[in-house]
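Visitor:
4 protein chains.
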Amino acid sequence: MARPSRKDEILQAALACFTEVGVDATTIEMIRDRSGASIGSMYHHFGNKERIIAALYLAGTAQYAELLERGFAEVSGAEACIKLLVTSYIDWVVANPDWARFILHNRGRVEASELGEQLREANRQHYARIFQALAGYREQGLFKPMPVDCFSSVIIGPTHDLARNWLAGRTRSELVDCRELLAQVAWDSVRA
Amino acid sequence: MARPSRKDEILQAALACFTEVGVDATTIEMIRDRSGASIGSMYHHFGNKERIIAALYLAGTAQYAELLERGFAEVSGAEACIKLLVTSYIDWVVANPDWARFILHNRGRVEASELGEQLREANRQHYARIFQALAGYREQGLFKPMPVDCFSSVIIGPTHDLARNWLAGRTRSELVDCRELLAQVAWDSVRA
Amino acid sequence: MARPSRKDEILQAALACFTEVGVDATTIEMIRDRSGASIGSMYHHFGNKERIIAALYLAGTAQYAELLERGFAEVSGAEACIKLLVTSYIDWVVANPDWARFILHNRGRVEASELGEQLREANRQHYARIFQALAGYREQGLFKPMPVDCFSSVIIGPTHDLARNWLAGRTRSELVDCRELLAQVAWDSVRA
Amino acid sequence: MARPSRKDEILQAALACFTEVGVDATTIEMIRDRSGASIGSMYHHFGNKERIIAALYLAGTAQYAELLERGFAEVSGAEACIKLLVTSYIDWVVANPDWARFILHNRGRVEASELGEQLREANRQHYARIFQALAGYREQGLFKPMPVDCFSSVIIGPTHDLARNWLAGRTRSELVDCRELLAQVAWDSVRA
DNA sequence: AATGAATGAGTGTTCATTCAT
DNA sequence: GATGAATGAACACTCATTCAT
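See below:
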C-alpha cells in the first residue's frame, strides 16, 4: 500500500480541520500546520481554498459511487436494489463519518463554486447510473408511480435525516442499528 | 397590523442577505445597509452577529411550532397527526422558503453558538409536545415499533430531503404537489 | 457627615475602574455601571471622559496640598519643613493608594488635556507655597546651593520612586516603614 | 554599518508615534504609514500591537543594561559604582530621550502584558548584576544599612524624578548639567 | 515541486458622545 | 437634573493569495 501523496495529506488535514472547526473557520494556515505542507505547496497543488473543498467533496462522492457500483454488481431484483441504496449509504457514512458530515453540509457551497458544474455532472451520472439499474423494474410496474424527485427522497430521505442527526451526536440510536429497518421502510415506501 | 419594529427590520434584512450570499459571506455592513439601522443600533439590539443568526433561527422554529400547535388543535387520530407533521412542515416551508432554507442549513452553527443550549431546550420542548400528542396512539399499538430517532426520521426524512432539494432549485416537481404523497408515505411507514 | 453627592459617586467609581483596568481601558459604560448613574447624568455633570479624569486628578492634588498646608501650620525650622514634604506625601499615598497611583501615572495626560492649564496653575501655586515656606531658610544659607529643579527632585525623588514601586507591588518593604529614613535622607541631601 | 532591518524600522516608527501622540493614541495604521511596512508585514513580525510595545521596551532596557555593563568594566570602588548607576542612566536618557520617556511611562503596561514575565525576568537579572557588583562593598560596611527597596530608590530616585520632569519639558535646568550633583547626592545618601 | 515572507482589502466590534423625552 | 436608545467613525486584526527564490 503506497504512502499517501502530498495531495492526499493536504486533503486529510483539511477534512480534519473542517470537522473540528467548520469549513469557514478553517484557514489555509491551519491546513498547512496540520498537513506539514508549505503554503506554497498547497497553492501549487490546489490553486485556492475553494478547490481544496471541491476536491475533497468530489473524492467523497466518487468513493460512495464506487461502493454502490460494487453493490450493483452483486445484487439483483427491485427490492435488493432499493435496499442497496440505503445500506450502501449507511455503510459508507459509518465508515467515513467525517467525510460524510462534510459532504452532507457542503453541497450548496461546492455547487456555487467554480467547480459546481463538475459536481452537477458527477451527480447526473450518479443518478443516471441508479435509474439505469432500476429502469427495468420500473417498466415492470414494480414501483409506486411518483415524481422522480419524490422517489429519491422517499428512498433515501429517512436515511439522510437519521445520518445527519447521528453525525451531529443528536441520536440515542446507533445509525448502523437502523440499517435493516431503514432499508425495509425504503422498499415498502416505493413498492407498487 | 403593526409596523415592523427596528429589531424585526434587522432580522428581515439579515435573512435576505443570508439568502442571497450565505450566512458567512453576509457582513454586518450588508445587514445595516439593507435594514436602514445604524451599526450601533444593531449592536444595541443584538450584541453580535452570532446573536442575530440565533435570534432569526429561534424565531423561525418558534413560528413553525406555533403552526403545528394550531394543527394539533384541529385534528385527531393517529393518521391525521402523523400526516399533520408532514403537511404543516411543507406548508411552512412553502410559505417561508428563505427562512426554511436558513434553518435547514444552520442548525449546527446555532447549536455550537453561545445560544446553543437555548435552542436545544426549545427542541426538547418541541419533541416533547409531539410525543405527548402521539403517546395515546402509541400505547394503543397503532405504530410500528422502532427507535424514537428512526420514528422521527422515517416520518419527516423524505420531506426534509425533498424540501432541501426544492429550496436549492434541484427539483422538477413543486414541493407542494408532493404534499399528500409524502403525508401518506409517512403514515404508511409508521403504521403498525 | 453628608452622603456623597452623585458627582462624587461618579468620581469614586471612575477611580475604582482606573485602578482595576487602567484609564484607557476604562469605558464610560463601566463607570456608569459601577456608579449607578445614567450615561446622561455623567455627561450632565462632567461633559466628557477627559473632564472626569481631570476632576479626579485635581481633587487628588488639592487634597494633598491641603494636608501639606495643615502640616506647615504645625512645624517650623528648615529640617522639619523638608521632612514634612516627604512625610506628608507618604502619609497621603498610604491613605489613598488608588488615588496616588492614578495621579502618579496620569500627570502628562491631564497636562495635555483641555484642563492642562488649570493643572499647571495649581502646580505653580503649590510650588510657590512650598518655596514661600522655605524662602527664609534658604536666605539663611541653610540649604546646599543647587538648581531649583534638582532641589525638588532630590527631596522627593526617592519617595516618588519608592511609592511607585510600592503601589505597583514591586517592593518587599512597606512604604510607611521607610518614612523616617526617606525624610532623613531628604534633609541630609539638601542641608548645607 | 548595516541598514536597519524591517523589524527595526517598525520599532523606530512605533517609537516616533508613541512620542508624538502617546502609546494608546498610536494606531497600527500610523506605524505602518511611518515605517513603510505593510500591515501584514507588521503582524508577521510582531503578531500584535502589545508585542510591538513590549519589544521596544525590552530593547531599550537591554541597551541601558549594556551601557551599564560597559561602565562596570571600567570603574572600581563603592563610590564610583554608585555614581556610575546615576551617570549611566543620565547619559542614556540624554542620548535616547524618546526611548527613555517611553520606558519611564510604560513599565506597568508591559508588566501587565503577555510578555510581563519576560520583563520581570530581565529586571531580576539587571538587579542581580548590580547587587553582585556592590556585594563586596556592602560586606565591607561601606553602605548605610537600609532596606534594599530604599537603597535603590535613594540612589536613583532623584535622577528618575528629574529625568521625568526634564523629558516632559517641565524643568529649566538641563538634565546633563545636574549629572555630577545627582551622582554626588546618591553617594552621600548611601555611604555609611 | 517546494518555500514562506510579504501583501492589503476587508471584517466584526467598540465606545465616546448626542439628544429627544 | 435624569435617562438610555441611537449613532458612526475608528480600531485591531485576519487571512487568502502572490511571487521571488
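Protein chains in written order, with UniProt numbering: chain A, 1 to 192; chain B, 1 to 192; chain C, 1 to 192; chain D, 1 to 192. Think of the CB as a built atom: it goes at the ideal place given N, C-alpha and C, for glycine as much as any other residue.
(1) Indicate the three-state DSSP secondary structure (helix, strand or coil) for A:Arg172 in the structure shown.
(2) Would a check of beta-carbon distances place D:Leu15 closer than 8 Å to chain C?
(3) Taking only runs that begin and end inside the segment 63-98 of chain D, name each unbroken alpha helix (DSSP H) of 4 or more residues, in chain order.
(4) Any chance you could list the alpha helix (DSSP H) runs of at least 4 consecutive residues sitting entirely within the UniProt domain "HTH tetR-type" (4-64) of chain C, in chain order?
(5) Go to residue 209 of chain C, then tell me how far its alpha helix (DSSP H) extends in each direction, as first and last residue.
(6) On the CB-based measure, 16 or more other CB atoms within 10 Å of its CB, does C:Tyr127 come out buried or exposed?
(7) Give me the chain A residues within the contact set of B:Arg171, using Cβ-Cβ distance strictly less than 7 Å, ordered along the chain.
(8) Where does D:His44 land, buried or exposed, given buried means 16+ other C-beta within 10 angstroms?
(9) Which value, in whole angstroms, describes the spacing of the CA atoms of D:Arg124 and C:Ala186?
(10) Round the Cβ separation of D:Cys178 and C:Pro147 to the nearest angstrom and send it over; I've been treating them as touching at under 8 Å.
(11) Considering just the uninterrupted stretch of the alpha helix (DSSP H) at A:Cys150, what are its terminal residues?
(12) Within a Cβ cutoff of 8 Å, which residues of the same chain sit near B:Ala2, ignoring the five residues on either side of it in sequence?
(13) Does any residue of chain B have a CB that is nearer than 8 Å to the CB of A:Gly157?
(14) Taking C-beta to C-beta, are C:Val190 and C:Ile155 nearer than 8 Å?
(15) Here's a check: name, in chain order, each residue in its chain whose Cβ is nearer than 6 Å to the Cβ of A:Leu68, leaving out the five neighbours to either side.
(16) Check the DSSP bridge columns for A:Phe143 and list the partner residues they point to.
(17) Could one say the Cβ of B:Ala128 lies closer than 8 Å to chain A's Cβ atoms, at least one of them?
(18) List the residues of chain D whose Cβ lies closer than 9 Å to the Cβ of C:Ala65, in chain order.
(19) Along chain B, in chain order, which residues have C-beta atoms closer than 9 Å to that of A:Leu104?
(20) Cutting at 7 Å between CB atoms, please list the residues of its own chain near B:Leu175, excluding the five before and the five after it.
(21) Looking only at its chain, what residues have a beta carbon closer than 8 Å to the beta carbon of B:Glu79, apart from the 5 residues adjacent to it on each side?
(22) What does D:Ala168 reach in chain C if we use C-beta pairs closer than 9 Å?
(23) Could you tell me the distance, in whole angstroms, from the CA atom of C:Phe151 to the CA atom of C:Ala168?
(24) Are the C-beta of C:Asp98 and some C-beta of chain D separated by less than 8 Å?
(25) Only counting the same chain, and skipping five residues up and downstream in sequence, which positions put a Cβ closer than 8 Å to that of A:Cys81?
(26) Sorted by chain position, which residues of the same chain lie with C-beta nearer than 8 Å to B:Thr19's C-beta, five sequence neighbours on each side aside?
(27) With a threshold of 7 Å (Cβ to nearest heavy atom), would B:Glu50 be considered close to the ligand NAP?
(28) Going along the segment 177-188 of chain A in order, which residues come within less than 8 Å of chain B, judged by CB to CB distance?
(29) What residues from chain C crowd round D:Asn165, counting only those whose CB sits closer than 9 Å?
(30) Under 8 Å, Cβ to Cβ, is there at least one residue of chain A near B:Asp24?
(31) If you draw a straight line from the C-alpha of D:His105 to the C-alpha of C:His105, how long is it?
(32) Closest to B:Thr26 by CA distance: which of B:Ser38, B:Ile53, B:Gly36 and B:Gly47 is it?
(33) Apart from the five residues on each side of it in sequence, which residues of its chain come closer than 8 Å, Cβ to Cβ, to B:Lys49?
(34) Label A:Gly157 either buried or exposed according to how many other C-beta atoms from any shown protein chain fall within 10 Å of its C-beta, with 16 as the threshold for buried.
(35) Run through chain D and tell me which residues come within less than 7 Å of C:Met146, C-beta to C-beta.
Guide: Looking at the atomic coordinates:
(1) coil
(2) no
(3) 78-95
(4) 6-21, 28-35 and 39-46
(5) Examination of residue 209 of chain C is not possible in this model, given that chain C is present from 1 through 192 alone.
(6) exposed
(7) Here the sequence assigns Thr to residue 171 of chain B, which means Arg is not the residue at that position. Those within 7 Å of B:Thr171 in chain A are Asp149.
(8) exposed
(9) 28 Å
(10) 7 Å
(11) Val148 to Leu167
(12) Residue placement at B:Ala2 cannot be trusted, given a pLDDT of 47 that sits under 50; what the coordinates show is reported in the next sentence. Once the five neighbours on either side are set aside, B:Ala2 has no close Cβ partner at all.
(13) yes
(14) yes
(15) Ser88
(16) A:Arg191
(17) no
(18) Neighbours of C:Ala65 on chain D: none; closest Cβ ~18 Å, over 9 Å.
(19) Residues of chain B passing the Cβ test: none, with the nearest at roughly 10 Å.
(20) Ile90, Val93, Val94, Leu162, Ala163 and Trp166
(21) Trp187 and Arg191
(22) Arg107, Gly108 and Glu111
(23) 26 Å
(24) no
(25) Phe72, Val75, Ala133, Leu134 and Tyr137
(26) Asp98, Arg101 and Phe102
(27) In the structure on display, the ligand NAP does not appear, and there are no ligands present to speak of.
(28) Asp177, Cys178, Leu181, Leu182, Val185 and Asp188
(29) Asp149, Ser152 and Ser153
(30) yes
(31) 8 Å
(32) B:Ile53
(33) Ile28
(34) buried
(35) Leu181
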